[in-house]
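The block underneath contains the structure these notes are about, expressed in structure tokens.
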Amino acid sequence: MLEENISEKSAFVRLVLGIGLTACGISHLVKENGSRMLGTLSVAAGAMKIAEGLFFYCPTKALFSNNVKDAVSSSIQDFMDADSLMTAFNSKYNSGNQNQSQSSQAQSASGNEGAELLQTAANVAEKVASTTPAGTEANQAAKAVKAVAHSQKRSK
1 MLEENISEKS AFVRLVLGIG LTACGISHLV KENGSRMLGT LSVAAGAMKI AEGLFFYCPT
61 KALFSNNVKD AVSSSIQDFM DADSLMTAFN SKYNSGNQNQ SQSSQAQSAS GNEGAELLQT
121 AANVAEKVAS TTPAGTEANQ AAKAVKAVAH SQKRSK
């Protein structure tokens, strides 16, 4: 059975618009000088919208939501594994316990790893921003992370 992926409100709107679109398509088909292709496409699109409204299921929405979930999960797995994050964190924040010469060497290494961490954050944010719909909280958060990462890179 199909899992519902649209709300009752959306289903009602799709049902009403589908009926209207089907009616317009039929009127094009009935007219003698009407466009047969436009009428046929309108009836087909209207029938699809009616079915979406009746079954509370939109195949296009299901396709895009699955692709977005897959893209986000794979990009996070590709760019952020726990070992590299912990190595970068430890090298940045545990360098204070060493003597001065070791501290300067650790700072240059942590600076490189910090830059790598910022680049990783920017890459993940860019991937999330490009795969999520504009205006959503995830999209806005990804853009904010990307902006912060780029400003941190410029200030160093």
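So the sequence shown is residues 1 to 156, counted in full-length UniProt numbering. Note that the Cβ used here is the ideal one computed from N, Cα and C, for glycine as well.
- For LEU2, the closest alpha carbon among the candidates PRO59, ALA44, ALA122 is that of PRO59.
- Counting the other CB atoms within 10 Å of its CB gives THR136 a total below 16, which places it among the exposed residues.
- Here DSSP, grouped into helix, strand and coil, assigns LYS9 to helix.
- For the 8 Å CB-CB criterion, ALA115 and VAL145 do not form a contact.
- Spanning the alpha carbons of ILE50 and THR40 requires a straight line of approximately 15 Å.
- If the five residues before and after ALA47 are omitted, its C-beta is found closer than 8 Å to the C-beta atoms of GLY18, THR22, all from its own chain and listed in chain order.
- Within the same chain, ALA11, PHE12, ARG14, LEU15, GLY18 come within 7 Å of GLY53 by CB-CB distance, once the 5 residues on both sides are set aside.
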